[in-house]
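What follows is one structure encoded as structure tokens, with my remarks underneath.
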Amino acid sequence: MRQQSRLIDVRREAGTFGAPQIRDDYDRRVAEANQQANEEAEQAAEAENDADFHPEPESPEDKAKKRKRQQTIDRIKKSKEFARRKSRRTGEPDDDDDLLANEMADEKSRPAPGQLENCENCGKRFTVTPYSKTGPAGGLLCADCSKNQANNNKKAPAKKRGSGIGRRQNQSKLLDGEAIHGAQSLLEMCIKKVAENIEDVEEFGDLPPPVMRRLSQILSRRRAVSSKILNLFLRRTHKELNIYDCARLETDDYHKILAMMPDLTKLNLRFVTPMKDHIFYYMIENNESIRDLHLDSPNLVTDECWRQVFTKIGPRLQSLKLWNLNAAFDDETARIMCEYCTGIERLKLKYVEKIGDATLTAISSLKTLKYLSLCFLRDTEPEPLLQIISSIGSNLQSLSLEDFKNSDDRLLQSIHEHCHQLIKLRLTNNDLFTDSAVASLFRNWSNPALTCVDFHGLRDVDMSNPAGPPEPVGLASDGFIALMEHSGSRIESLNIASCRHISCDAYETVFAENKQYPHLKELDISFNGNVNDYIAQRILACCPALTKFVVFGCFKIQDLKVPRGVVVVGTVRAKLTVEGILQETV
């Protein structure tokens, strides 16, 4: 009954007000809304004009974010990672707890790898990776901006460690034959310091030629000789130039050498691939003082140019050394060289591809030759070499014949008969010489004691028969004993590597307790399997001047006491003791 009575009252009220009342209420609400919109617009304009004086209050969302970040920072300050990082920064300018905590909070809030992000510096869109860097304002940087930031913040290079600390540097010195014991000379230290700071050097001044050569060796080994560095070596008053690595030089640099040093008498350049014909033509016309010409790899020079060089300047050449030629310089060029170089005393031709027997025949006509070094890539017959020895052997002071594998005992006999002034003899990589012929070469030989001997690779090459044939091949026991009896009193450098047929008895005879070789400084007995600890110790005892001892492949050497100042190169798993100091082995 009560609900029905209320419904009747509502209907009566609706009938009382009706449609006119509803329309009036609607008009009133629209008018109020328009008035409120106008008031808000006016307030917004006033707020914009007075923004500097009335800052916008923080919204509840901003307050919540700020409170959440502060909670994160508080948790970070209590973590172990925060304590670990803080310990690394102690005493540094950025040693601040809040700064470090904010950095760590930014790291945690950064986008995950794989997401897209805008670079803080350039605004470029990029993909976030685990290696993306953080910018100064806490945002992420793209790869290019990260690289620029790393270059700007790059620290100065660390100071180099001393020569006694770096094992790798010590090993390099050992392979070069430099003893690591004791201090270097003051001159050597100054030269190396100049080489280390070569980019800051404006000129060398009046340095003597030996110092200039040493500087060139160090810089060439580092491949640091550029056009700028070359200018330091160019002095008009100097008559000698030695550059041992010209790989970074251009064609114009060779013109500059010849133009700025017109009085050159010795020109020694290695790896001169850019040299071409017109450089030699310029030398012919403008450099009339060159007597010594040493070039390595001038492969772009033609045969026609070589022939003109020898025709024009050949009569005044005293020394000619050429290496690594494969595009030019044939037998006809060599014949013209021998025809016009009538006063030449030193000749070295190594790894010249296009010369052979005809060149050897032409060389036999050089009556003034005193120093001869040959290493051909072609196989040659033994007769042209015999002709050289019989024709000019009596004048030779140095003879080096490498890789003439067809030569036999007749060459040794000819050397014994015609060579009486030799101080250096090199015969390598041959398996036709017999031990008896090598011994006959040195016995009753009227030649004075040699100072440099290189017989490496004189051995039988049949690996299936390590003991060799019944008659020993190459340098074996008798030949080694005869060699040391003849030249042991004056010999300074001896290389008998791979002469594996020398017996233990021969070594013990040569290096007996009553024997001394006071001038022997360098000895290479690599791949002589009979050398053991006892023989190696006897060698060190009999050679007081020894500075370099090479023993690659001598696996029986296990424990060796080395005198101070001697470098032992090539030991494997051997213990080397230098007067109570354990030496590193190579």
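Using full-length UniProt numbering, read the sequence shown as starting at 1 and increasing by one per residue.
Don't be surprised by glycine CBs; every beta carbon is placed ideally from N, CA and C.
Keep in mind the model is a prediction, meaning the values are calculated, not measured.
In chain order, 480, 481 and 484 place their CB closer than 7 Å to the CB of residue 510, counting only its own chain and leaving out the 5 sequence neighbours on each side. Here DSSP, grouped into helix, strand and coil, assigns residue 445 to coil. Just so you know, the alpha carbons of residue 243 and residue 199 end up roughly 17 Å apart.
Rounded to the nearest whole angstrom, the CA to CA distance from residue 128 to residue 119 is 10 Å. Cα atoms of residue 252 and residue 282: separation of roughly 12 Å, rounded to the nearest angstrom. Taken through DSSP and simplified to helix, strand or coil, residue 268 comes out as strand. For residue 85, the closest alpha carbon among the candidates 262, 71, 69 and 103 is that of 103.
Burial of residue 314 is indicated by the presence of at least 16 other C-beta atoms within 10 angstroms of its C-beta.
Taken through DSSP and simplified to helix, strand or coil, residue 236 comes out as coil. If only uninterrupted alpha helix (DSSP H) runs of at least 4 residues are considered, those enclosed by the region 252–317 are 277–286 and 303–313. The three-state reading of DSSP puts residue 425 in strand, counting E and B together. Taking all protein chains shown into account, residue 572 has fewer than 16 neighbouring C-beta atoms within 10 Å of its C-beta and is therefore exposed. The continuous beta strand (DSSP E) containing residue 561 extends over residues 559–561.
Residues of the same chain with a CB within less than 6 Å of the CB of residue 538, apart from the 5 flanking positions on each side, are 511 in chain order. Three or more Cβ pairs closer than 8 Å define a contact, and the region 444–455 meets that threshold against the region 485–502. DSSP places residue 193 in the uninterrupted alpha helix (DSSP H) bounded by 186–196.
In this structure, 403 is the residue among 147, 413, 517 and 403 with its C-alpha nearest to the C-alpha of residue 431. Looking at the backbone, the Cα of residue 416 and that of residue 439 are separated by about 11 Å. Residue 152 sits in a helix when the DSSP states are folded into three classes. In the three-state reduction of the DSSP assignment, residue 451 falls in the coil class.
Taking the CA atoms as reference points, residue 297 sits about 5 Å from residue 271. Secondary structure in the region 363–423: the beta strand (DSSP E) runs of 3 residues or longer, each lying completely within the stretch, are 371–376 and 398–402 in chain order. Around the beta carbon of residue 419, a 10 Å sphere encloses 16 or more other beta carbons of the protein chains shown; the residue is thus reported as buried. Nearest neighbour of residue 308 by Cα position, chosen from 327, 280, 365 and 241, turns out to be 280. Between residue 388 and residue 355, the gap from beta carbon to beta carbon reaches 7 Å or more. Under the DSSP definition of a beta bridge, residue 125 partners with 118. With a 10 Å radius around the Cβ and a threshold of 16 neighbouring Cβ atoms, residue 525 comes out buried. The alpha-carbon of residue 339 is positioned some 27 Å away from that of residue 427. Only residues of its own chain outside the window of five on either side were considered, and among them 435, 436 and 439 have a CB closer than 7 Å to the CB of residue 478, listed in chain order. Inclusion of residue 293 and residue 267 in the CB contact set at 7 Å is warranted, their separation being smaller than that value. A distance below 7 Å separates the beta carbons of residue 447 and residue 422. Counted as a single uninterrupted DSSP element, the stretch harbouring residue 459 is not any alpha helix (DSSP H), since DSSP gives it neither H nor E. Judged by DSSP in its simplified three-state form, residue 576 adopts strand.
Residue pairing by DSSP places residue 249 in no beta bridge whatsoever.
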